[in-house]
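Undergrad:
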Amino acid sequence: MKQSRIRVVLISLVVLALGSILLVACQRPGVSTAHSSGSSGSASASTPTSVTVHMGDSNFLQPSVTLSKGATLTLTDDATVPHIIQNGSWVNGAAQPAAEAGAPTVNLQFQGNDTQNVGPFNTAGTFHLYCTIHPNMNLTVVVQ
Ligand SMILES: [Cu+2]
78 MKQSRIRVVL ISLVVLALGS ILLVACQRPG VSTAHSSGSS GSASASTPTS VTVHMGDSNF
138 LQPSVTLSKG ATLTLTDDAT VPHIIQNGSW VNGAAQPAAE AGAPTVNLQF QGNDTQNVGP
198 FNTAGTFHLY CTIHPNMNLT VVVQ
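Quick look at the structure:
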């Protein structure tokens, strides 16, 4: 009983190990070409300079967004509702203004159905934005 169970565990470990080796082997060519090329030919289209996050009545439509370093965050208000977006976050229902080191200063007033830009985010890290009007309307910006 016990031995067969150990055997099952061992076999699945071997399968996992082989699987991860295969994965690494498959990924290596793509990664290496991405790093080695870049001087000539097509520009790397995988680095967006702007990423859009939409806002609804009282929320961001996504809780977090990931940007490449140097990219700009575009905020679009899809509702006919104002938002005031600043550095900070709601914690347990309380507004806590705070700007992390390297964060662009954010103080944007949306009237409804409008779009504004934040950034560029030139420092890698995690930054928090919130709407001062709507409790728990938080957005985490991860810059890589
Ligand atoms: Cu709001």
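Note that this note's numbering gives residue 179 to position 102 of the sequence shown, counting from 1, and the numbers run on in steps of one.
All C-beta atoms, glycine included, are put in the ideal place defined by N, C-alpha and C.
Bear in mind the structure is a predicted one, so any value in this text is a computation, not a measurement.
1. Give a yes or no on whether the C-beta atoms belonging to Ala176 and Asn164 are separated by under 7 Å.
2. For Met214, does the three-state DSSP call read helix, strand or coil?
3. If Thr200 sits next to Val220, beta carbons under 8 Å apart, how far is it from one beta carbon to the other, in whole angstroms?
4. Since Asn194 is in the beta strand (DSSP E), which residue starts that stretch and which ends it?
5. Under 6 Å Cβ to Cβ from Leu185, same chain only, skipping five residues before and after it: list those, please.
6. Taking only the alpha-carbon atoms, compute the straight-line gap between Ser135 and His211 and give it to the nearest angstrom.
7. Give every residue of the same chain whose Cβ lies closer than 8 Å to the Cβ of Pro159, excluding the five residues on either side of it in the sequence, and list them in chain order.
8. Does DSSP classify Thr157 as helix, strand or coil?
9. Using the beta carbon as the reference atom, which residues fall closer than 6 Å to any heavy atom of ligand 1, ordered along the chain?
10. Need the endpoints of the beta strand (DSSP E) that Asn136 sits in, please.
11. Identify which residue in Asn169, Gly202, Val195 and Thr182 has its Cα closest to the Cα of Met214.
12. At the level of alpha carbons, what is the spacing between Leu206 and Asp154?
13. DSSP three-state label for Val142, please.
14. If I measure Cβ to Cβ from Val142 and keep anything under 8 Å in the same chain, skipping five residues before and after, which residues do I get?
TA: Here's the rundown:
1. Stepping through the sequence shown from its first residue, residue 176 is reached at position 99. Stepping through the sequence shown from its first residue, residue 164 is reached at position 87. For Ala176 and Asn164, yes; Cβs fall inside 7 Å.
2. Walking along the sequence shown from the start, residue 214 turns up at place 137. Coil, per DSSP.
3. Position 123 of the sequence shown, counted from the start, is the residue given in the question as residue 200. Position 143 of the sequence shown, counted from the start, is the residue given in the question as residue 220. Confirmed, Cβ separation roughly 7 Å.
4. By one-based count along the sequence shown, residue 194 stands at place 117. Taken as a continuous stretch (DSSP letters only), the beta strand (DSSP E) holding Asn194 covers Thr192 to Val195.
5. Your numbering for residue 185 matches position 108 in the sequence shown. Annotation for Leu185: Ile162 and Gln193 place their beta carbon closer than 6 Å to its own, counting only its chain and skipping 5 residues before and after.
6. The count along the sequence shown starts at 1 and reaches residue 135 at position 58. The count along the sequence shown starts at 1 and reaches residue 211 at position 134. Cα-Cα distance, rounded: 6 Å.
7. Here residue 159 is taken as the residue at index 82 of the sequence shown, counted from 1. Taken in chain order, the residues that qualify are Gln186, Phe187, Gln188, Gly189 and Ile210.
8. Locating residue 157 in the sequence shown gives position 80, where the first residue counts as 1. DSSP places Thr157 in coil when its eight states are reduced to three.
9. Checking every Cβ against the heavy atoms of ligand 1 under 6 Å gives Ser135, His160, Cys208, Ile210, His211 and Met214.
10. The residue you call residue 136 lines up with position 59 of the sequence shown. Per DSSP, Asn136 belongs to no beta strand (DSSP E) and is neither H nor E.
11. Stepping through the sequence shown from its first residue, residue 214 is reached at position 137. The option with the nearest alpha carbon to Met214 is Asn169.
12. Numbered from 1 along the sequence shown, position 129 holds the residue referred to as residue 206. Numbered from 1 along the sequence shown, position 77 holds the residue referred to as residue 154. Answer to the nearest angstrom: the Cα atoms are 15 Å apart.
13. On the sequence shown, position 65 is the one that residue 142 refers to. Strand at Val142.
14. Within the sequence shown, numbered from 1, the residue matching residue 142 stands at position 65. Correct list, in chain order: Val128, Val130, Leu150, Leu216, Thr217, Val218 and Val219.
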